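What follows is a short report on a single structure.
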Ligand SMILES: [Mg+2]
């Protein structure tokens with residue numbers, strides 16, 4: 083099997099809720115990039131990435147698209163099932179830029195699953211259970227508004243809430259208290275500062291919230307600051323933004339810096355290295371959250387498959403980004419039921435890309451392209 087054509091598409095994905103605020107910045111939607119890799123066997127694999135503006139991670143839409151334009155010609159003619167080999171080709175062609183590799187690597191896995199006639203969860207280690215719990219983020223706002231947002235998510239069946247904090251620690255403590263006042267014993271609370279606090283802020287927040295049961299997520303941006311917080315923290319703590327490479331994950335494990343890690347696919351260049359990181363974290367006994375930074379059904383399918391193939395005892399929750407968006411890009415994704423997400427049963431990602439709604443490709447290499 084050979085790659086004959088790579089087409090790149092882009093969509094605007096406005097948030098259903100209008101605005102999303104974290105790390106003290108507001109975005110009203112995301113700009114995604116989708117890659118379709120076609121072969122001489124008549125199969126096409128799809129991948130997606132949707133950065134959150136340009137402020138959240140190293141990724142931004144223009145950078146992703148420029149990176150895909152550099153990488154795509156390198157892959158023409160290669161066998162898409164030889165995924166590690168193709169990742170080495172991308173390593174040789176481009177230093178870093180994991181975000182640009184992400185939609186390509188996911189599309190290769192979609193092809194691999196289709197070629198094996200197996201859903202990706204089965205290719206990535208085997209489905210452990212039927213579905214995974216979802217969390218909903220409660221965007222930064224006044225404590226009253228955050229309380230109402232929490233109420234809506236609980237009414238919709240979600241049982242894991244991620245309270246966005248990272249501003250004044252005493253205001254943040256009030257936000258958590260209000261949300262916690264609604265949460266019964268079946269609700270799990272995370273407090274995610276997205277690295278926006280100093281260690282000083284984080285220690286004040288911890289002191290003000292001693293009596294509440296929650297998991298602390300990425301209090302500070304710098305690794306050393308998080309180690310200071312970790313030493314004073316009696317709550318379970320997870321690192322997200324600090325877990326941005328396999329090296330970082332090994333350091334977190336060796337330092338005992340967290341009880342869990344978040345593996346965001348776009349930081350690891352797609353499924354291949356995210357799976358490696360997932361397996362390493364599982365072997366170290368760390369709790370694992372597999373997710374990404376946004377997008378619609380195509381990336382949600384990739385997340386669902388990798389998540390469901392993570393041992394149930396060590397996976398935490400994930401996120402249904404496609405339900406945050408007012409635009410869809412795939413059909414065949416199982417409905418979210420009672421705050422839980424399953425993975426498609428069809429081969430590969432198992433979703434049909436709604437190509438007819440994407441407009442013309444941004445650029446094409448191979449066949450009818452250059
Ligand atoms: Mg986080």
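Numbering (my numbering), first residue to last: 83 to 452. For each residue, glycine too, the CB sits at the ideal point set by N, CA and C. These numbers come from a predicted model, not from an experiment.
Assuming residue i contacts residue j (C-beta within less than 8 Å), just tell me the rounded distance between them.
i	j	result
residue 354	residue 371	At roughly 18 Å, the Cβ-Cβ gap does not stay under 8 Å, so residue 354 and residue 371 are not in contact.
residue 232	residue 261	5 Å
residue 146	residue 129	Contact flag wrong, Cβ pair sits at about 11 Å.
residue 337	residue 309	7 Å
residue 149	residue 179	5 Å
residue 273	residue 245	5 Å
residue 210	residue 390	7 Å
residue 362	residue 331	6 Å
residue 168	residue 88	About 12 Å separates the two Cβ atoms, so there is no contact after all.
residue 259	residue 294	7 Å
residue 435	residue 380	6 Å
residue 305	residue 324	5 Å
residue 35	residue 187	For residue 35 there is no data in the structure shown, the boundaries of the chain being 83 and 452.
residue 248	residue 279	6 Å
residue 290	residue 252	6 Å
residue 119	residue 189	4 Å
residue 312	residue 339	6 Å
residue 101	residue 447	The Cβ separation is near 37 Å, so there is no contact.
residue 91	residue 444	6 Å
Per the DSSP calculation, residue i is bridged to which residue(s)?
i	result
residue 244	219 and 272
residue 430	201
residue 299	274 and 320
residue 118	89 and 128
residue 97	407
residue 112	95
residue 279	302
residue 446	89
residue 107	104
residue 227	Partner(s): none; residue 227 has no beta bridge.
residue 435	412
residue 214	423
Around the C-beta of residue i, are 16 or more other C-beta atoms found within 10 angstroms, so that it is buried, or is it exposed?
i	result
residue 106	exposed
residue 322	buried
residue 413	exposed
residue 184	buried
residue 375	buried
residue 431	buried
residue 400	buried
residue 507	Because the chain here runs from 83 to 452, residue 507 falls outside it and cannot be looked at.
residue 111	buried
residue 263	exposed
residue 133	buried
residue 454	Residue coverage of the chain in this structure runs from 83 to 452, which leaves residue 454 outside it and unanswerable.
residue 373	buried
residue 152	exposed
residue 519	The structure shown does not extend to residue 519, since the chain is modelled only from 83 through 452, so no value can be given for it.
residue 342	buried
residue 292	exposed
residue 267	exposed
residue 166	exposed
residue 350	buried
residue 219	buried
residue 224	exposed
residue 423	buried
residue 181	buried
residue 369	buried
residue 393	exposed
residue 316	exposed
residue 109	buried
residue 397	buried
(message) I'd like the ranges of any beta strand (DSSP E) spanning at least 3 consecutive residues and lying wholly in the region 353–423.
(response) Here the runs fully enclosed are 369–373.
(message) Just to confirm the assignment: which complete alpha helix (DSSP H) runs, minimum length 4, are found wholly within the region 139–181?
(response) Every unbroken stretch of the alpha helix (DSSP H) spanning 4 or more residues and falling wholly within the region 139–181 is given here in chain order: 143–157 and 165–175.
(message) Quick check for students: name the residue ranges of the alpha helix (DSSP H) that lie wholly in the region 304–357, counting only runs of 4 or more.
(response) For the region 304–357, the full-length alpha helix (DSSP H) segments reaching 4 residues or more read 305–314 and 328–337 along the chain.
(request) Could you please go through the chain and list the residues whose beta-carbon is closer than 6 Å to any non-hydrogen atom of ligand 1? (result) In chain order, the residues with a C-beta atom nearer than 6 Å to some heavy atom of ligand 1 are 274, 276, 299, 300, 322 and 344.
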